[in-house]
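2 protein chains.
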Amino acid sequence: MGKEHKGTNITWHASRVSVTTREQLLGQQGYVVWLTGFSGSGKSTIACLLEERLIREGHPAYVLDGDNVRHGLNRDLGFSAQDRDENIRRVGEVAAMFSKAGVVAIAAFISPYAKGRQEAREAAGDDAFVEIFLDTPIAECEQRDPKGLYKKARAGQISDFTGIDGPYERPPNADITLHTERFTPPECIEQILQFLGSRHLLAARHTH
Amino acid sequence: MGKEHKGTNITWHASRVSVTTREQLLGQQGYVVWLTGFSGSGKSTIACLLEERLIREGHPAYVLDGDNVRHGLNRDLGFSAQDRDENIRRVGEVAAMFSKAGVVAIAAFISPYAKGRQEAREAAGDDAFVEIFLDTPIAECEQRDPKGLYKKARAGQISDFTGIDGPYERPPNADITLHTERFTPPECIEQILQFLGSRHLLAARHTH
């Protein structure tokens with residue numbers, strides 16, 4: 415035998431940790447919570463409260479929203495119909511990746527089209543996707559107008575604004591429907607947690 | 415007092431869980447491990463072994479590579495110079511999001527350009543980015559040729575192939591340089607873990 419090159423006999427191939435093995439080892443399951451509804455319906459408020467609650471109970475969770483997506487991953491996208499679809503497509507794919515990594519991805523986007531929401535569901539898988547419809551009346555959202563966008567839409571400074579001159583396709587079979595005009599944010603969170611519990615998505619690993 | 419509309423007085427605004435609060439509550443810190451090197455240098459092998467090791471020790475970790483990115487998030491991208499840059503840009507942004515969520519993102523991409531790697535570092539933040547250079551000689555990579563790509567590149571069926579007729583900008587200041595032609599994969603993993611430990615990036619929460 416001559417000199418042997420140590421690396422030569424190494425098999426260089428990759429094996430992937432399965433989602434199940436990951437869940438067993440980490441003691442946690444990832445999934446996607448997808449919040450859809452008008453601007454001002456309360457998506458970000460609910461998303462951030464839910465994230466904090468889950469993290470406090472030991473579940474890694476992460477909010478995906480316009481703030482962290484439009485300034486980073488999707489900063490190359492504008493607001494044309496095509497770019498809006500691509501925005502939601504990418505968020506759906508990233509949310510699915512978080513879910514596969516064992517994290518609860520909480521996506522908060524108007525996401526007015528059923529097709530985009532359905533694609534997000536398919537990327538994550540049906541068992542790992544919870545769709546929450548914030549069914550807040552448009553009048554209430556316009557009254558809140560936290561970003562002053564309805565005012566601009568009424569003044570014609572923004573066009574294709576969802577609920578004013580842009581369509582919103584209501585989810586026919588949302589897993590949870592929230593009425594943020596009648597319930598406080600903490601009450602909405604309880605409704606969500608109750609549903610997650612019923613789907614066995616809150617198996618705590620340890621509570622802080 | 416007249417009838418009060420319950421929702422009217424609710425402040426609908428979002429507050430975000432800070433990275434520090436998240437780390438304290440979850441007992442774990444996220445960061446990005448970025449593997450760069452020629453095709454066949456062992457990036458996927460190292461990435462998957464590292465992922466498994468970290469997960470077994472209770473650290474959520476997730477591999478980002480061509481397999482899960484090119485078929486999902488980046489399936490709209492081809493292999494033009496522009497699309498390759500965009501591929502790496504998006505991966506850098508997603509890796510940074512995982513890191514902020516408390517997960518160790520392990521990115522395994524040839525990523526031949528210093529600019530793309532630098533942008534990924536900036537997205538995550540310098541303290542949360544570990545660059546690993548797989549400094550495997552091109553001859554060794556070509557001999558391994560696990561995907562048959564070097565053969566195709568030599569036959570002219572693929573052009574701009576990194577190391578053959580495409581450039582690779584060597585990282586001048588990688589945090590770790592691995593020599594996969596001289597060390598076995600488990601030995602490489604030990605070198606990485608030693609470095610991560612020295613940077614206090616292995617604070618275990620609990621071991622399985």
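Going line by line, the protein sequences match chains Y and G. Numbering-wise (my numbering), the first sequence opens with residue 415 and increments by one. Numbering-wise (my numbering), the second sequence opens with residue 415 and increments by one. Each residue gets a CB set at the ideal place from its N, CA and C atoms; glycine is no exception. Being a predicted model, the structure only gives us computed values, none of them experimental.
| What are the start and end residues of each continuous beta strand (DSSP E) run of 3 or more residues lying completely inside the region 484-549 of chain Y, in chain order? | Correct list: 518-522 and 543-548.
| said: 9 Å is my cut-off, CB to CB: does aspartate 541 of chain G come that close to chain Y? | reply: No Cβ of chain Y is located within less than 9 Å of the beta carbon of aspartate 541 of chain G.
| request: Can you tell me which of the three DSSP states aspartate 481 of chain Y falls into? | output: Correct three-state label for aspartate 481 of chain Y: helix.
| message | Helix, strand or coil, according to DSSP, for isoleucine 590 of chain G in the structure here? | response | Residue state, collapsed to three classes: strand.
| query | Quick one: is arginine 504 of chain G buried, meaning 16 or more other Cβ sit within 10 Å of its Cβ, or exposed? | reply | By the C-beta density criterion, arginine 504 of chain G is buried, having at least 16 other C-beta atoms within 10 angstroms.
| message | Counting only beta-carbon separations shorter than 9 Å, does phenylalanine 523 of chain G have a partner in chain Y? | response | Not an interface residue.
| query | What is the residue span of the beta strand (DSSP E) that glycine 623 of chain Y lies within? | reply | The requested residue 623 of chain Y does not occur in the structure, where chain Y is confined to residues 415 to 622.
| Same chain, Cβ closer than 6 Å to valine 544 of chain G, five either side skipped, listed in chain order | So the list reads Val447 and Asp589, once near-sequence residues are dropped.
| query | DSSP on tyrosine 476 of chain G, reduced to helix/strand/coil? | reply | In this structure, DSSP gives tyrosine 476 of chain G an extended state, which the three-state scheme calls strand.
| Any 3 or more C-beta pairs closer than 8 Å across the region 485-503 of chain Y and the region 593-606 of chain Y | Using a Cβ-Cβ distance cut-off of 8 Å, the region 485-503 of chain Y and the region 593-606 of chain Y are not in contact, since fewer than three pairs of beta carbons, one from each stretch, lie closer than that value.
| request: Kindly indicate which three-state DSSP category tyrosine 445 of chain Y falls into: helix, strand or coil? | output: For tyrosine 445 of chain Y, the three-state secondary structure derived from DSSP is strand.
| task | Anything in the region 504-533 of chain Y with a Cβ closer than 8 Å to a Cβ of chain G? List those residues in chain order, please. | result | Cβ contacts with chain G come from Arg504, Glu507, Val508, Ala510, Met511, Phe512, Lys514, Ala515, Gly516 and Val517.
| request: Within its chain, find whatever has a CB closer than 7 Å to the CB of valine 433 of chain G; leave out the 5 residues flanking it on each side and keep chain order. | output: Closer than 7 Å at Cβ, skipping near neighbours: Lys514.
| Sequence-distant residues of its chain with Cβ nearer than 8 Å to isoleucine 460 of chain G (five each side left out) | Closer than 8 Å at Cβ, skipping near neighbours: Leu449, Ala522, Ile546, Leu548, Leu592, Thr594, Pro599, Cys602, Ile603 and Ile606.
| field | Rounded separation between tyrosine 527 of chain G and leucine 616 of chain G - CA only | value | So the alpha carbons of these two residues sit roughly 29 Å apart.
| 7 Å Cβ shell around lysine 565 of chain Y - same chain, five flanking residues per side excluded | Sequence-distant partners of lysine 565 of chain Y (beyond 5 residues in either direction) whose C-beta falls short of 7 Å from its own C-beta, in its chain, are Asp559.
| Limits of the alpha helix (DSSP H) - the one that tyrosine 564 of chain G falls within | It spans 563-568 - the alpha helix (DSSP H) in which tyrosine 564 of chain G sits, taken as one unbroken run.
| Contact residues within the region 549-580 of chain Y, judged by C-beta distance below 9 Å to chain G | Only those residues of the region 549-580 of chain Y whose C-beta falls short of 9 Å from the nearest C-beta of chain G are listed: Thr550, Glu554, Gln557, Arg558 and Pro560.
| message | I'd like the span of the alpha helix (DSSP H) that includes leucine 463 of chain G, first residue to last. | response | First-last of the alpha helix (DSSP H) with leucine 463 of chain G: 457-470.
| query | With burial defined as no fewer than 16 other Cβ atoms inside 10 Å of the residue's Cβ, what is the status of valine 518 of chain Y: buried or exposed? | reply | Looking at its Cβ environment, which holds 16 or more other Cβ atoms inside 10 Å, valine 518 of chain Y is buried.
| request: Just the C-alpha distance for glycine 611 of chain Y and threonine 550 of chain Y, rounded to the nearest angstrom, thanks. | output: Within the model, the alpha-carbon separation for glycine 611 of chain Y versus threonine 550 of chain Y is close to 24 Å.
| Going by the beta-carbon positions, is the gap between glycine 512 of chain Y and leucine 478 of chain Y smaller than 9 Å? | The question names glycine, yet the displayed sequence has phenylalanine at residue 512 of chain Y. Contact flag set, yes.
| said: For a cutoff of 9 Å on Cβ pairs, would you count glycine 623 of chain Y as touching chain G? | reply: Outside the displayed span of chain Y (415 to 622) sits residue 623 of chain Y, for which this structure offers no information.
| Given arginine 535 of chain Y, which residues of its chain have a CB within under 6 Å of its CB, disregarding the five upstream and five downstream residues? | So the qualifying residues of the chain are Phe543.
| said: For arginine 436 of chain G, tell me which candidate among Y:Tyr445, Y:Gly441, Y:Gln443 and Y:Cys462 has the shortest Cα-Cα distance. | reply: For arginine 436 of chain G, the nearest C-alpha among the options comes from Y:Cys462.
| task | Below 6 Å CB to CB, which residues in the same chain sit around arginine 613 of chain G once its five sequence neighbours on both sides are set aside? | result | Counting only residues of its own chain and dropping the five nearest sequence neighbours on each side, arginine 613 of chain G has no CB closer than 6 Å to any other CB.
| task | Report all residues from its chain with a CB closer than 6 Å to the CB of leucine 563 of chain G; omit the five preceding and five following residues, and keep chain order. | result | Same-chain partners within the cutoff: Ser453.
| Name the DSSP beta bridge partners of threonine 434 of chain Y, please? | None, per the DSSP bridge assignment.
| message | Along the chain, where does the alpha helix (DSSP H) containing arginine 558 of chain G start, and where does it finish? | response | From DSSP, the alpha helix (DSSP H) with arginine 558 of chain G extends over 552-558.
| query | Can alanine 537 of chain Y and glycine 506 of chain Y be called in contact, C-beta distance under 9 Å? | reply | With contacts defined as CB atoms closer than 9 Å, alanine 537 of chain Y and glycine 506 of chain Y qualify as a contacting pair.
| Does the beta-carbon distance from proline 474 of chain Y to leucine 440 of chain G come in below 9 Å? | Yes, the pair counts as a contact, with Cβ atoms nearer than the cut-off.
| task | Determine the burial state of glycine 456 of chain Y: buried for a count of at least 16 other Cβ atoms within 10 Å of its Cβ, exposed for fewer. | result | Burial check for glycine 456 of chain Y: the Cβ neighbour count within 10 Å reaches 16 or more, so the residue is buried.
| said: I want to see whether chain Y comes within less than 9 Å of asparagine 501 of chain G, judged by CB atoms only; does it? | reply: Not one beta carbon of chain Y lies nearer than 9 Å to the beta carbon of asparagine 501 of chain G.
| query | If we count the other Cβ atoms within 10 Å of its Cβ and call it buried at 16 or more, is alanine 567 of chain Y buried or exposed? | reply | Buried, since its Cβ has 16 or more Cβ neighbours within 10 Å.
| request: Measure the alpha-carbon distance for glycine 580 of chain Y versus leucine 487 of chain Y and round it to whole angstroms. | output: Spanning the two alpha carbons is a distance of roughly 25 Å.
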